[in-house]
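Asks: Structure below; questions to follow.
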Amino acid sequence: MARTKFDQLPNELVLNILGYLTSLDAWFAFHNLNTRLNNSLQTSSMKIDLSLCLRFQCDFTYRYILPRLQNPFAIRFCPRIMDESIYQFFIELKSNNVEYKLQVLTLTHITEQSMNIIAQHLNRLINLRSLTIMHDHEESYGKFINTFMNTNMSRLVYLTLGYTERSSSLYLYEGNLDRLRSTIPNIQNFVLKVPINFNTFHRLLNVLPQLVSIDVHLTERSIDEIKKNSYNRDFARNLQKLVMTINGIIRFKIIEQLLRALPHLHTFWLSTFICDNSYGIEYQDGKVWEGLIRKYLRNLIDFRLNVGLESTQSISPADIIQPFRSSFWTKEKNWCFIADRPENDVDTIELYSLPPPVNSKIIFRPNVQWVSNSSNPNFQS
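Just so you know, the sequence shown maps onto residues 1 to 381 in UniProt numbering.
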């Protein structure tokens, strides 16, 4: 029998095509029509999205797809639609003997009830490498984080914790961090979408010295001076990427002191809005950044800013961008920056890089005054 064009497609392309279809409709519609799908299940690393599935689609996954998986796989799941399904989800993983094959797990819109079930089963996923948990409600007061911190995930490498909606309250405190040494001892990439103060962040870097990348949201609350001797030679010795979003005012010298202790950093992204220029004018000062990078961050290859600052009317966007026109920025580093003044806000100047930090929402306003250190800025970057 002649092979159909569908049969001749590589497995990777078949899976990519099916990935464009919603939920598991493609598998549900075609699984009895072509043995190629069976072969794909058995020979490829699957990415299964159950986040928008109805119950019958989940049942279909448990009955047809899970038993045929032969390779490591990833699952995205949303318990919000039916809380009781999260228990069934873990039971099916066990009954189909695929717990040890699950390497990437994403759980969104979880509730307190579902988190308790999740915590009971996480330590059975012995080969899990990546975990994302996004809680549905800020009203949980961070209980899900404390629950997770008591769960042993010794092989976890990638971890994301946070809320599906923006959170403004502190839920992670310095005193709760020591247990992470034993629960996630091999974590290398940490995204924490929960506000923490600088002291907690500093402690986190000490508790997890193996971190290679961290993305944090900082608040100004309860900031104490960090002693210089706390930045010893082994402080964050493996950290290469730091992404910071600051909500409130953290004095620049505190951030500067931190960066001086991170000579191996190759990526640094910073987003903040400062409503008091007496505390934050250095954040927009190209000379200050140039001196810091030249002396302490010599390995930096990716530097991105998004800094809003309430300034005086005597300072213009051109004044802010002028220090970024030195040969260090335009030739040696070839980093592009834009400064503008938002409409109807004469007291604010925004400075941002192109490309901006990934998490930043940049609104380019062609009808307002803006200047750049580049003659041809690429606004599509």
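The beta-carbon is built from N, C-alpha and C at its ideal position, and this holds for glycine as well.
Bear in mind that the values here come from a model prediction, so they are computed numbers and not experimental data.
Any idea what DSSP makes of L21, helix, strand or coil?
Replies: Mapped onto the sequence shown, residue 21 falls at position 21. Low confidence applies here, because L21 scores a pLDDT of 47, under 50, leaving its location unreliable and the question unanswered by this model.
Asks: Of the residues S130, S278, A74, F90, which one's Cα is nearest the Cα of N186?
Replies: Translated into positions along the sequence shown, residue 186 becomes position 186. Of the candidates S130, S278, A74, F90, the one whose C-alpha sits nearest the C-alpha of N186 is S130.
Asks: How close, in whole Å, do the beta carbons of L107 and F77 come, if the pair is a contact with beta carbons under 8 Å?
Replies: In the sequence shown, counting from the first residue as 1, residue 107 sits at position 107. In the sequence shown, counting from the first residue as 1, residue 77 sits at position 77. Their Cβ separation, rounded to whole angstroms, is 6 Å, which keeps L107 and F77 in contact under 8 Å.
Asks: Express the C-alpha separation of N127 and W335 in angstroms, rounding to a whole number.
Replies: In the sequence shown, residue 335 corresponds to position 335, counting from 1. In the sequence shown, residue 127 corresponds to position 127, counting from 1. Their Cα atoms are separated by approximately 40 Å.
Asks: Between the segment 181-199 and the segment 143-156, do at least 3 Cβ pairs fall closer than 8 Å?
Replies: Segments in contact, yes.
Asks: Taking only runs that begin and end inside the segment 271-300, name each unbroken beta strand (DSSP E) of 3 or more residues, in chain order.
Replies: Complete beta strand (DSSP E) runs here, min 3: none at all.
Asks: What residue range does the alpha helix (DSSP H) around P317 cover?
Replies: As a position in the sequence shown, residue 317 is number 317, starting the count at 1. Run containing P317: 317-321, per the alpha helix (DSSP H) assignment.
Asks: Assess contact between the segment 226-245 and the segment 273-283, defined as three or more Cβ pairs (one per stretch) separated by less than 8 Å. Is contact present?
Replies: No, the segment 226-245 is not in contact with the segment 273-283.
Asks: For S23, I'd like the list of residues in its chain whose CB is within less than 6 Å of its CB, leaving aside the five on either flank, ordered along the chain.
Replies: Position 23 of the sequence shown, counting from 1, holds the residue named residue 23. Low local confidence applies: a pLDDT of 44 at S23 is under 50, so the model's placement there is unreliable, and no value is given.
Asks: With 16 as the cutoff for other CB atoms within 10 Å, does E350 come out buried or exposed?
Replies: In the sequence shown, counting from the first residue as 1, residue 350 sits at position 350. It is buried - the Cβ of E350 has at least 16 other Cβ atoms within 10 Å.
Asks: So, do the segment 189-200 and the segment 155-163 have three or more beta carbon pairs nearer to each other than 8 Å?
Replies: Yes, the segment 189-200 is in contact with the segment 155-163.
Asks: Which residue wins for smallest C-alpha separation from P342, given the options P356, R325, L309?
Replies: Along the sequence shown, one-based indexing puts residue 342 at 342. Considering only alpha carbons, the answer is L309.
Asks: Using beta-carbon positions only, say whether F216 and F201 come within less than 7 Å of one another.
Replies: On the sequence shown, position 216 is the one that residue 216 refers to. On the sequence shown, position 201 is the one that residue 201 refers to. Note that residue 216 is Val in the sequence shown here, rather than Phe. Their beta carbons are under 7 Å apart, which means V216 touches F201 by this criterion.
Asks: Quick test of your reading: R68 and L105, contact by CB under 8 Å. State the CB separation rounded to the nearest angstrom.
Replies: Within the sequence shown, numbered from 1, the residue matching residue 68 stands at position 68. Within the sequence shown, numbered from 1, the residue matching residue 105 stands at position 105. At roughly 19 Å, the Cβ-Cβ gap does not stay under 8 Å, so R68 and L105 are not in contact.
Asks: Please look up how many angstroms separate the CB atoms of Q240 and Q210, rounded, as I've assumed it's under 8 Å.
Replies: Indexing the sequence shown from 1 puts residue 240 at position 240. Indexing the sequence shown from 1 puts residue 210 at position 210. Rounded, the Cβ-Cβ distance is 12 Å, inconsistent with contact.
Asks: Report the residue from M134, F144, I145, F90 whose alpha carbon sits nearest the alpha carbon of L125.
Replies: Within the sequence shown, numbered from 1, the residue matching residue 125 stands at position 125. Looking at the Cα atoms, F90 is the closest of the given residues.
Asks: Which residue or residues does DSSP assign as beta-bridge partners of A74?
Replies: Residue numbering aside, residue 74 sits at position 74 when the sequence shown is read from its first letter. Its beta-bridge partners are K47, V104.
Asks: Using only the alpha-carbon positions, how far apart do K333 and N299 sit?
Replies: The residue given as residue 333 occupies position 333 in the sequence shown. The residue given as residue 299 occupies position 299 in the sequence shown. For K333 and N299, the distance between alpha carbons rounds to 11 Å.
Asks: Among D59, R325, N71, which one has its Cα closest to the Cα of I86?
Replies: Mapped onto the sequence shown, residue 86 falls at position 86. Selected option, being the one with the closest Cα: D59.
Asks: Could you pull the start and end residues of the beta strand (DSSP E) that M134 belongs to?
Replies: What you label residue 134 is simply residue 134 of the sequence shown in a count that begins at 1. Run containing M134: 130-135, per the beta strand (DSSP E) assignment.
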